[in-house]
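**Student:**
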Amino acid sequence: MTRILARLGLALALPAALFAAWWLGTAGSDNFYVPPLRDILIRFPEVWTWDRLRADVLPSLIRLAAGYTVAVLAGVLLGVLVGSGRRVRAVLEPVLEFFRAIPPPVLVPVIMLFAGIGDTMKVVVIAAGCVWPILLNTVEGVRAVDGVLADTCRSYGIAGPSRLWHLVLRSASPQIAAGMRQALSIGIILMVISEMFAASNGLGFTIVQFQRSFAIPDMWSGILLLGLLGLALSVLFRLVESRALAWYHGQRRAQRGPAR
Amino acid sequence: MLLDVRGLKKVYEGRQRPVEAVRDLTFGLDVGDLVCLVGPSGCGKTTLLRCMAGLLTPTAGEVRLRDRPVTGPPPGMAVVFQEYGRSLFPWMNVRDNVALPLRNKGVARKPRQDLVAEALAAVGLADAHHAYPWQLSGGMQQRVAIARAVAYQPDVLLMDEPFAAVDAQTRADLEDLIRDLWRKLGVTILFVTHDIDEAVYLGQRVIILSSSPTVVREVLDVDLPDQRDQLTTRSDSRFTELRSHVYAQIQAAKRESTVGSHDAARPAGLAKQVLQ
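So the protein sequences, as listed, match chains A and B. Quick note: the first sequence uses numbering that gives the first Met the number 0, first residue 0, plus one each step. Quick note: the second sequence uses numbering that gives the first Met the number 0, first residue 0, plus one each step.
In structure tokens form, the structure reads like this:
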């Protein structure tokens, strides 16, 4: 119990210090663009009412979920294909690296040209940005399937879909998860950016609206909410990952020795 | 004859010049045999085993199982590898590891559960069903791999130096386990090892290989009693004689290969021998 409290204390110490610094540093601020934190916090519950959460935050999250799901499915599917064939990999890998190197926000104006400015455009933008880390990590994971384990499968006649599920995907799953974690933060960035270009609702849209109407404390409160949202999603991701990959973390601990 | 190896030859196409790992091997196993293959280190034991298991295509000659040529991994064969830590699925518990090949073979749920429970009990892991492989010691992991092979009910069980990576005491226990399983279940076993004592202690027959490029040097019948015991068998004078004989053969094989290897086929092998 004391250990959990100590860990919690360690995790919260820096955020608390930063928060305090922000509070004290802006306490007497008369700069219009940097309002006191106190004002921002007072505005927070007034701005982010249930109605507003439903009208602006929910659509953002739905688009994020849709784009992210598409990216995971496409990334894993393509990753397995590319990772399994040596020839396919040799042909595709330079191209994939090129696409990955393009900063995803650049894609927004391009995708707007053919996907319009509706929800489809935003989902496509999010998917197009998220797919790369998942794809490339899956390729790495599929390539790194253990040779002895692969021989074991062959000698027991485990092939086809059974091999794909029990050997390839399972053994690549730690890498796939690593790619998905990177993709999640990219997804949140793209969710906001895609709404800044052309939108009628959403978190990014609302924050820009506040800025344009000089509602500066409201704008800051939106940024705060965005931070909290990212934190919540990443905590949720870790929770799911630690359950799904319990074997992997257990194995790593076992390999590091009983000292821990 | 259950398993028949005829004129097996394997040449690896190296980058500079081909390396002849196995030259010409002919031997056979009958139903219920427990045969040990022993040879000097680097004599192509693993190459031979992979050819027999259908994981590697021989350059010439053939392997036949129940009179059918082996072209890929045949259904009637199970392999236990040396690297126990890498041959079990770390994302499955012990029971699922043993059950997967059976599920894949289409064994129905109930008989499958029975086979898995019996196999795990036979290797002394009746209470480890829900453990994950990485929670077990090396010896226990290898027991799981053996249970998986036994539950599969293969015609032939191939074992590739399965105890080379466990400590001496565990090794003695596992050797007795193999004798035990062989006598109780009547599985046919081909056991590859570099350990001369192990080969004589375990085998009903010992096939002694030459150095690479490998041929069969001698097939030795082990006329020790069926009931073997780490203490009495190993101090038996007959055991010592057989052991010395195999040892002398392997030393001779190494010497001959050092003398006779201006044979252009294997300069790398020569360099290795000289260094040793």
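The C-beta atom is built at its ideal place from N, Cα and C for all residues, glycine as well.
(1) Relative to the C-alpha of ALA118 of chain B, which residue among B:PRO153, B:ASN103 and B:VAL245 is closest?
(2) Pick helix, strand or coil for CYS152 of chain A, following the three-state DSSP scheme.
(3) With a Cβ-Cβ cutoff of 9 angstroms, do PRO161 of chain B and GLN81 of chain B count as a contact?
(4) Whole angstroms is fine: what's the gap from ASP175 of chain B's alpha carbon to VAL199 of chain B's?
(5) Just the C-alpha distance for GLY123 of chain B and LEU134 of chain A, rounded to the nearest angstrom, thanks.
(6) Can you name, in chain order, every residue of its own chain whose Cβ lies under 6 angstroms from the Cβ of LEU17 of chain A, other than the five neighbours on each side?
(7) Ignore the nearest five residues each way along the sequence and tell me which others in ASN200 of chain A's own chain have a CB closer than 7 angstroms to its CB.
(8) Residues in the region 236-253 of chain A with C-beta within 8 angstroms of chain B's C-beta atoms, listed in sequence order?
(9) Classify VAL226 of chain A as helix, strand or coil using the three-state DSSP reduction.
(10) Compare the C-beta of PRO89 of chain B with all C-beta atoms of chain A and state if any pair is closer than 9 angstroms.
(11) Measure the C-alpha to C-alpha separation of ASP194 of chain B and ARG170 of chain B and round it to an integer number of angstroms.
(12) Could you check whether the Cβ of VAL147 of chain A sits closer than 9 angstroms to any Cβ belonging to chain B?
(13) So GLU82 of chain B contacts chain D; which residues on that side make the cut at Cβ distance below 8 angstroms?
(14) According to a CB-to-CB cut-off of less than 7 angstroms, which residues of the region 124-157 of chain A neighbour chain B?
(15) Bridge partners of ASP220 of chain B, per DSSP?
(16) Quick check on TYR11 of chain B: does DSSP put it in helix, strand or coil?
(17) Please report the residue range of the beta strand (DSSP E) in which ARG63 of chain B lies.
(18) So is PHE213 of chain A in contact with chain B if we call contact Cβ pairs under 9 angstroms?
(19) Here's a check: name, in chain order, each residue in its chain whose Cβ is nearer than 7 angstroms to the Cβ of LYS8 of chain B, leaving out the five neighbours to either side.
(20) What is the C-beta distance between LEU135 of chain B and ALA127 of chain B, in whole angstroms, given that I count them as a contact (C-beta under 8 angstroms)?
(21) Using the three-state DSSP reduction, which class does PRO68 of chain B fall into: helix, strand or coil?
(22) Would you check if the region 202-210 of chain B and the region 234-250 of chain B touch, i.e. whether three or more CB-CB distances between them fall below 8 angstroms?
(23) Let me know if LYS121 of chain A comes out buried or exposed under the rule of 16 or more other beta-carbons within 10 Å of its beta-carbon.
(24) Residues of chain B with CB under 8 angstroms from ARG169 of chain A, in chain order?
(25) Per DSSP, which one or two residues make a beta bridge with LEU156 of chain B?
(26) Just list the residues that DSSP pairs PHE26 of chain B with in beta bridges.
(27) Have a look at ILE188 of chain A and LEU228 of chain A and give me their C-alpha separation to the nearest angstrom.
(28) Here's the rule I'm using: 16 or more other beta-carbon atoms within 10 Å means buried, otherwise exposed. How should HIS165 of chain A be labelled?
(29) At the 9 angstroms Cβ level, is LEU163 of chain A part of the contact set with chain B, yes or no?
(30) Quick check on LEU60 of chain A - is its C-beta less than 9 angstroms from some C-beta in chain B?
(31) Using only alpha-carbon positions, find the residue among B:THR70, B:ALA121, B:GLU255 and B:VAL186 that is nearest to MET158 of chain B.
(32) Nearest CA to the CA of GLN226 of chain B: which residue from B:LEU180, B:GLU255, B:SER209 and B:VAL149?
(33) With distances taken from CA atoms, which of B:ALA77, B:PRO68 and B:MET91 is nearest PRO132 of chain B?
(34) Compare the Cα-Cα distances from MET209 of chain B to each of B:CYS35, B:SER40, B:GLY6 and B:GLY27 and report the closest residue.
(35) Can the beta-carbon of MET76 of chain B be found closer than 9 angstroms to that of LEU87 of chain B?
**Tutor:** Looking at the atomic coordinates:
(1) For the purposes of this step, residue 118 of chain B is identified with residue 119 of the second sequence, where counting begins at 1. Comparing Cα positions, the closest option is B:PRO153.
(2) Walking along the first sequence from the start, residue 152 of chain A turns up at place 153. Reduced to three states, the DSSP call for CYS152 of chain A is helix.
(3) For the purposes of this step, residue 161 of chain B is taken as residue 162 along the second sequence, with counting starting at 1. For the purposes of this step, residue 81 of chain B is taken as residue 82 along the second sequence, with counting starting at 1. Contact: yes.
(4) As a position in the second sequence, residue 175 of chain B is number 176, starting the count at 1. As a position in the second sequence, residue 199 of chain B is number 200, starting the count at 1. Approximately 13 angstroms between the Cα atoms of the pair.
(5) In the second sequence, the residue the question calls residue 123 of chain B occupies position 124. In the first sequence, the residue the question calls residue 134 of chain A occupies position 135. Using only the alpha carbons, I get a separation of about 43 angstroms.
(6) Looking up residue 17 of chain A in the first sequence gives position 18. Here the set comprises nothing.
(7) Locating residue 200 of chain A in the first sequence gives position 201, where the first residue counts as 1. ALA54, ASP55 and PRO58.
(8) TRP246, TYR247, GLY249, GLN250 and ALA253
(9) To locate residue 226 of chain A, count along the first sequence from 1; it is residue 227. Per the sequence shown, residue 226 of chain A should be read as Gly rather than Val. Helix.
(10) The sequence position of residue 89 of chain B within the second sequence is 90, counting from 1. Output row for PRO89 of chain B: interface = yes.
(11) Counting from one through the second sequence, the residue named residue 194 of chain B turns up at place 195. Counting from one through the second sequence, the residue named residue 170 of chain B turns up at place 171. Rounded to the nearest angstrom, the two C-alpha atoms are 11 angstroms apart.
(12) Along the first sequence, one-based indexing puts residue 147 of chain A at 148. Closer than 9 angstroms to some Cβ of chain B, the Cβ of VAL147 of chain A qualifies, so yes.
(13) Going by chain labels, chain D is absent from the structure shown, which instead holds the protein chains A and B.
(14) ASP145, VAL147, LEU148, ASP150, THR151, ARG153, SER154, TYR155, GLY156 and ILE157
(15) Within the second sequence, the letter at position 221 stands for residue 220 of chain B. Paired residues: B:ARG204.
(16) Residue numbering aside, residue 11 of chain B sits at position 12 when the second sequence is read from its first letter. Strand, per DSSP.
(17) Taking the second sequence and counting its residues from 1, one reaches residue 63 of chain B at position 64. 59-64 is the span of the beta strand (DSSP E), which, as asked, contains ARG63 of chain B.
(18) Locating residue 213 of chain A in the first sequence gives position 214, where the first residue counts as 1. Answer no: the Cβ-Cβ gap between PHE213 of chain A and chain B never drops below 9 angstroms.
(19) Taking the first residue of the second sequence as 1, we reach residue 8 of chain B at position 9. Excluding residues within five positions, the ones whose Cβ falls inside 7 angstroms are VAL21, ARG22, ASP23, PRO57, THR58, ALA59 and GLY60.
(20) In the second sequence, residue 135 of chain B corresponds to position 136, counting from 1. In the second sequence, residue 127 of chain B corresponds to position 128, counting from 1. Their Cβ separation, rounded to whole angstroms, is 7 angstroms, which keeps LEU135 of chain B and ALA127 of chain B in contact under 8 angstroms.
(21) Stepping through the second sequence from its first residue, residue 68 of chain B is reached at position 69. In this structure, PRO68 of chain B counts as strand in the three-state DSSP scheme.
(22) yes
(23) Stepping through the first sequence from its first residue, residue 121 of chain A is reached at position 122. When all chains shown are included, LYS121 of chain A counts as buried.
(24) Indexing the first sequence from 1 puts residue 169 of chain A at position 170. Chain B residues near ARG169 of chain A: PHE88 and TRP90.
(25) Your numbering for residue 156 of chain B matches position 157 in the second sequence. DSSP, once it has assigned bridges, lists B:ALA77 and B:ILE188 as partnering LEU156 of chain B.
(26) The count along the second sequence starts at 1 and reaches residue 26 of chain B at position 27. Partner(s): B:VAL4.
(27) Within the first sequence, numbered from 1, the residue matching residue 188 of chain A stands at position 189. Within the first sequence, numbered from 1, the residue matching residue 228 of chain A stands at position 229. Roughly 12 angstroms separates the two Cα atoms.
(28) As a position in the first sequence, residue 165 of chain A is number 166, starting the count at 1. Result: buried.
(29) If you number the first sequence from 1, residue 163 of chain A lands on position 164. By this cut-off, LEU163 of chain A is not an interface position.
(30) Here residue 60 of chain A corresponds to residue number 61 of the first sequence, with the count starting at 1. Judged by the 9 angstroms Cβ criterion, LEU60 of chain A is not in contact with chain B.
(31) Within the second sequence, numbered from 1, the residue matching residue 158 of chain B stands at position 159. The shortest Cα separation from MET158 of chain B among B:THR70, B:ALA121, B:GLU255 and B:VAL186 belongs to B:VAL186.
(32) Along the second sequence, one-based indexing puts residue 226 of chain B at 227. If we check each option's Cα against that of GLN226 of chain B, B:LEU180 comes out closest.
(33) Residue numbering aside, residue 132 of chain B sits at position 133 when the second sequence is read from its first letter. Per the Cα distances, B:MET91.
(34) Start at 1 with the first residue of the second sequence, and residue 209 of chain B comes out as number 210. First, the residue type needs correcting, since residue 209 of chain B is Ser and not Met in the sequence shown. Out of B:CYS35, B:SER40, B:GLY6 and B:GLY27, B:SER40 has the C-alpha closest to the C-alpha of SER209 of chain B.
(35) Stepping through the second sequence from its first residue, residue 76 of chain B is reached at position 77. Stepping through the second sequence from its first residue, residue 87 of chain B is reached at position 88. Not closer than 9 angstroms, so no.
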